[in-house]
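Scroll down for the structure; my scribbles are underneath it.
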Amino acid sequence: MVEVNLWSGLRRFTDGELVVHVEADTVGKMLDALIAAHPDLAPVIEAGLSVAVDGEVITDAHHTPIRPDSEIFLLQQLKGG
Amino acid sequence: MALDEVKEIVESGENYDTDKEFKYVGTRPDRPDGLDKVTGRAKYGADHYVANMLHAAVLRAPHAHARIVSIDTSKAEAADGVKAVVIGTDLPEGLTGGDLHLQENTLARDKVYYDGHAVAAVAATSALAAKDAVKLIEVEYELLPHVIDVDAAMAEGAPVIREGEQGPTVPEGMHPNVVNYIEFGHGDLDAGFDAADLVMENTYKTEATHQGYIEPHACVGQLGDDGKGEMWVCTQGQWFIRKMCAAVLGLEASNLRVTPSEIGGGFGGKTTIFSEAISLALSRKAGGRPVKLVMTRSEVLRATGPTASTSMDVKIGMKNDGTMTAGKVVFRMQGGAWPDMAPTGMALNCAFASYDLPAVYHEGYDVLANRPKAAAYRAPGSPMAAFAVESLVDEMTRKLGLDPIEVRIKNGAKEGTKSSYGPTYKKIGLLECLEAAKAHPNLAEKLGPNQGRGVAAGFWFNHGGETSVSMSLGNDGTVTVSAGTPDIGGSRASVALMVAETLGIPYDHVRVNIVETGALGFNEPSHGSRATFATGKAAVEACNQAIGEMCRRAAKRWGIDEDAVEWKDGAVHPAGPNAGEFPPMTIKKIGQTMGRSGGPISGHHETTAGGVGESFGAHVVDVEVDPETGKTTILRYLVVQDAGRAIHPSYVEGQYQGGAAQGIGWALNEEYVYDDMGRLQNPIFLDYRVPVASDLPMIDTVIIEVPNPGHPYGVRGVGETGITPPLPAIANAIADATGRRLRHLPMTPAKVLKAIKNG
Chain A
1 MVEVNLWSGL
11 RRFTDGELVV
21 HVEADTVGKM
31 LDALIAAHPD
41 LAPVIEAGLS
51 VAVDGEVITD
61 AHHTPIRPDS
71 EIFLLQQLKG
81 G
Chain B
1 MALDEVKEIV
11 ESGENYDTDK
21 EFKYVGTRPD
31 RPDGLDKVTG
41 RAKYGADHYV
51 ANMLHAAVLR
61 APHAHARIVS
71 IDTSKAEAAD
81 GVKAVVIGTD
91 LPEGLTGGDL
101 HLQENTLARD
111 KVYYDGHAVA
121 AVAATSALAA
131 KDAVKLIEVE
141 YELLPHVIDV
151 DAAMAEGAPV
161 IREGEQGPTV
171 PEGMHPNVVN
181 YIEFGHGDLD
191 AGFDAADLVM
201 ENTYKTEATH
211 QGYIEPHACV
221 GQLGDDGKGE
231 MWVCTQGQWF
241 IRKMCAAVLG
251 LEASNLRVTP
261 SEIGGGFGGK
271 TTIFSEAISL
281 ALSRKAGGRP
291 VKLVMTRSEV
301 LRATGPTAST
311 SMDVKIGMKN
321 DGTMTAGKVV
331 FRMQGGAWPD
341 MAPTGMALNC
351 AFASYDLPAV
361 YHEGYDVLAN
371 RPKAAAYRAP
381 GSPMAAFAVE
391 SLVDEMTRKL
401 GLDPIEVRIK
411 NGAKEGTKSS
421 YGPTYKKIGL
431 LECLEAAKAH
441 PNLAEKLGPN
451 QGRGVAAGFW
461 FNHGGETSVS
471 MSLGNDGTVT
481 VSAGTPDIGG
491 SRASVALMVA
501 ETLGIPYDHV
511 RVNIVETGAL
521 GFNEPSHGSR
531 ATFATGKAAV
541 EACNQAIGEM
551 CRRAAKRWGI
561 DEDAVEWKDG
571 AVHPAGPNAG
581 EFPPMTIKKI
591 GQTMGRSGGP
601 ISGHHETTAG
611 GVGESFGAHV
621 VDVEVDPETG
631 KTTILRYLVV
641 QDAGRAIHPS
651 YVEGQYQGGA
661 AQGIGWALNE
671 EYVYDDMGRL
681 QNPIFLDYRV
691 PVASDLPMID
701 TVIIEVPNPG
711 HPYGVRGVGE
721 TGITPPLPAI
731 ANAIADATGR
741 RLRHLPMTPA
751 KVLKAIKNG
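For the record, the sequence lines run as chains A and B. According to this note's numbering, the first sequence is numbered sequentially starting from 1. According to this note's numbering, the second sequence is numbered sequentially starting from 1.
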């Protein structure tokens, strides 16, 4: 299981949980597992967001591997100028 | 290093050995585009001419918010030289989401949402004929109530700009103009404020500013009835142009070939489309004749993306010794009349990113207003956030009689800090920047009457992104690199230096070409400070692939095992005495004989680049304020920023100086000014005042190098962080000079004078 930290505004879609545990070994599988566990998250995840894995912010690389002890945060989608 | 080890590092995105000594990386050779640019040979967007070309002109709405009752184009269609007219209903229906928003902004269909919104366009045999014909188009509007200010737009009773656009996170009961709501934080906020000796809170506002690139948007589009077309365009991202134009016009992306021109600035504003699809639509209607569309400066300011205007509340707790105990921000940002354009989330993430805080809370509202569709602008959101937070930090520091740099060092984020937006920082260089700023001779300069000094820190994430690069060996041993990221800040020189270093060949034996969409796989634009980082990283790996092939061929030629050879100094060598006695096989020799050794040699690499390293900076500015006029003069300006590794230090310094110059304009002069009818009043550079050379002193720079272990040469992006600290640094300097705190940008002479006189 990996521990996923959500931003507070998503609590309303996860029964008040700010930290969600799912089974996944890549960012893509983690996002899929989040939707499976909490379907109300689907519109937010499908609209696009960034994920920080072990301190590095990842926007699109859903193949990025994650370990059970990885530090994972969901972030609003980042774009540069 | 063995190739499988390299592959593992590339995929993991970290742990390169960045402590090596380099021969080419870190030098300052001539820029490859220098001669073309100083002789006028470089071709920009408007410099492209093709046979049989038509010229376009666009009719723009003079209203902030109105329903289109009717459009009569018959007189324009009958005018001399006119070959095509298009309106919104000529574009395909059925689009949704972001594609629909792009299409709506390209040509209004039912409603116009801002002054300058395009409603029709003409293609004619000359630019003059097109402009004249546009005047013959008759549009009947039904005026609707409008709203410009972000706070007014989310207030009860504000005109509703769009229905049904609220995102799923917006709490029930909020005004329909609030389309996104963000909330996050960590720690015990109440306990943090309770532990403070001083708690202060204030509200800050910034006005919309434009990227102010010197080159207006320009393109030539050609599209036939068969749906196949071509475009030559000034852009930060040719694949984005292709993707977006294809979506707006219902084309297959691979049928559109997009070639980028040289680019005269973009700063994020050229990562999207505004009028490009119009040229293609006109071309298709004109029987496939190419159509040139060049925006005027007024069109650029009225109808292309500025950044958001903001209204921001900040609250901070601080102990008497300067220790920060808690921080809270509530940001309201408008990004025009379409959702998801204001950089609210990024602003929130950046707000306290420079600090190690036990408790933080962020709340943000993305709001619609009757303004142009905002676009990315250099570190989107971060400059405004820094203005709010760094202004209040400075105010509290002064109140407690503390040194502003020492307070930032005391609270500064470092490796292992839990960032304000959640993740734990890896190796970062904020403290190194602050220490270097403290030691700089500018801080020893004595200040005179009406003079003041301001300090601020800044941050940007940087970005990797989708990247594809090829390199090929010439038969004389020189190398051509095909890159997909337009050279907006020196990336051709930087990539050439990294390729030269990797291959061990002279810099001037490497040519980097920015290629069209058919020549490589998808590349994201030059945005997010990624071009030197990601294209450079991919180019290095493409070179490593070619080195592997050259080593294999030499080994075969010598009849020894592949593991018994190595690449160094531009040649294949036997790896040791046991490998045998062979003279080095140089890259020139390999190039001369490659046709006989197996054919052309090239390398290729594609990736969604990982290993991104954040960049922090610290700015110190000295100003003098004229107490009679309120005019602020910049006396000295210092930029200190972590580059990771400066591949070409002159370009890095140029990025630092450019960021500071833009920030100075944002702080002191630049703003969108609207009248009561919501019409933009200053859409020319005479009235929208960007800084010119005579406004600025020489901007001093210090490059800090805390190498990023996620890049083979330690690169962090440097393009964006530099615009983040100037807004608060100048506000802090004005406060030091006058004793007056200005919390609403820009700090024009009129505002400063009013503050001085009113106290």
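Don't be surprised by glycine CBs; every beta carbon is placed ideally from N, CA and C. As the structure is a prediction and not an experimental result, all values here were calculated from the model.
Beta-carbon contacts of residue i that lie in its chain and below 6 Å, excluding the five residues immediately before and after
i, result
"Gly644 of chain B", "Gly613, Pro707, Asn708, Gly714, Val715, Arg716"
"Thr502 of chain B", "Val540, Cys543"
"Ile263 of chain B", "Cys234, Pro486, Ile488"
"Lys292 of chain B", "Met53, His55, Val220"
"Lys315 of chain B", "Glu201, Lys328"
"Arg679 of chain B", "Asp115"
"Val170 of chain B", "Val178, Tyr181"
"Ala500 of chain B", "Tyr24, Tyr507, Val510"
"Lys7 of chain B", "Below a pLDDT of 50, predicted positions are generally treated as unreliable, and Lys7 of chain B, at 47, falls in that range; no measurement from the model is reported."
Residue nearest to residue i in terms of C-alpha spacing, selected from the options
i, options, result
"Ala253 of chain B", "B:Lys205, B:Ala277, B:Gly265", "B:Ala277"
"Ser420 of chain B", "B:His362, B:Thr724, B:Pro486", "B:His362"
"Val57 of chain A", "A:Asp69, A:Gly48, A:Leu78", "A:Leu78"
"Ala436 of chain B", "B:Lys43, B:Ile704, B:Val38", "B:Ile704"
"Ala376 of chain B", "B:Ser309, B:His440, B:Lys438", "B:Ser309"
"Pro627 of chain B", "B:Tyr674, B:Arg740, B:Leu95, B:Pro383", "B:Arg740"
"Gly317 of chain B", "B:Gly654, B:Val160, B:Leu357, B:Thr304", "B:Leu357"
"Asp676 of chain B", "B:Pro145, B:Ile137, B:Glu104", "B:Pro145"
"Asp194 of chain B", "B:Asp151, B:Ala108, B:Lys319", "B:Lys319"
"Asn255 of chain B", "B:Gly229, B:Ala439, B:Phe184, B:Trp239", "B:Gly229"
"Val639 of chain B", "B:Asp563, B:Ser602, B:Leu686, B:Leu727", "B:Leu727"
"Ala602 of chain B", "B:Met471, B:Ala534, B:Lys427", "The amino acid occupying residue 602 of chain B in the given sequence is Ser; Ala does not appear at that position. The shortest Cα separation from Ser602 of chain B among B:Met471, B:Ala534, B:Lys427 belongs to B:Met471."
Backbone secondary structure at residue i - three-state DSSP
i, result
"Gln334 of chain B", "strand"
"Trp567 of chain B", "strand"
"Val20 of chain A", "strand"
"Ser468 of chain B", "strand"
"Asp4 of chain B", "Because Asp4 of chain B carries a pLDDT of 49, less than 50, the predicted location of this residue cannot be relied on, and no value is offered for it."
"Arg41 of chain B", "coil"
"Asn442 of chain B", "helix"
"Lys292 of chain B", "strand"
"Gly88 of chain B", "helix"
"Ala509 of chain B", "Here the sequence assigns His to residue 509 of chain B, which means Ala is not the residue at that position. Helix, per DSSP."
"Glu11 of chain B", "With a pLDDT of only 48 at Glu11 of chain B, under the threshold of 50, the placement of this residue in the model should not be trusted; the figure read from the coordinates follows. In the structure shown, Glu11 of chain B sits in a helix (DSSP, three-state: H, G or I)."
"Asp47 of chain B", "helix"
"His146 of chain B", "coil"
"Arg284 of chain B", "helix"
"Trp239 of chain B", "helix"
"Trp7 of chain A", "coil"
"Arg12 of chain A", "helix"
"Ile590 of chain B", "helix"
"Ser311 of chain B", "strand"
Residue i and residue j closer than 7 Å at C-beta
i, j, result
"Ile723 of chain B", "Arg378 of chain B", "yes"
"Arg284 of chain B", "Leu189 of chain B", "no"
"Thr271 of chain B", "Pro525 of chain B", "yes"
"Ile505 of chain B", "Ala483 of chain B", "no"
"Arg289 of chain B", "Leu54 of chain B", "yes"
"Gly364 of chain B", "Leu348 of chain B", "yes"
"Arg743 of chain B", "Tyr355 of chain B", "no"
"Ala780 of chain B", "Ala127 of chain B", "Nothing can be reported for residue 780 of chain B: it is not among the residues displayed for chain B, which extend from 1 to 759."
Proximal residues to residue i (C-beta, below 7 Å), its chain only, five neighbours per side dropped
i, result
"Leu447 of chain B", "Arg453, Asp622"
"Asp736 of chain B", "Gly452, Arg453, Gly454"
"Ala124 of chain B", "Leu54, His55, Gly81, Val82, Lys83, Ala130, Ala133"
"Ser494 of chain B", "Thr532, Gly536, Ile647, His648, Tyr651"
"Ile241 of chain B", "Met231, Val233, Thr235, Val258, Ile273, Glu276"
Beta-carbon proximity list for residue i, same chain, < 8 Å, skipping 5 on both sides
i, result
"Glu163 of chain B", "Pro176"
"Arg11 of chain A", "Glu17, Leu18"
"Asp19 of chain B", "Pro707"
| message | At 3 residues or longer, what runs of the beta strand (DSSP E) sit wholly inside the segment 668-724 of chain B? | response | 699-704
* Residue ranges of each alpha helix (DSSP H) within the segment 57-105 of chain B, 4 or longer -> 74-78
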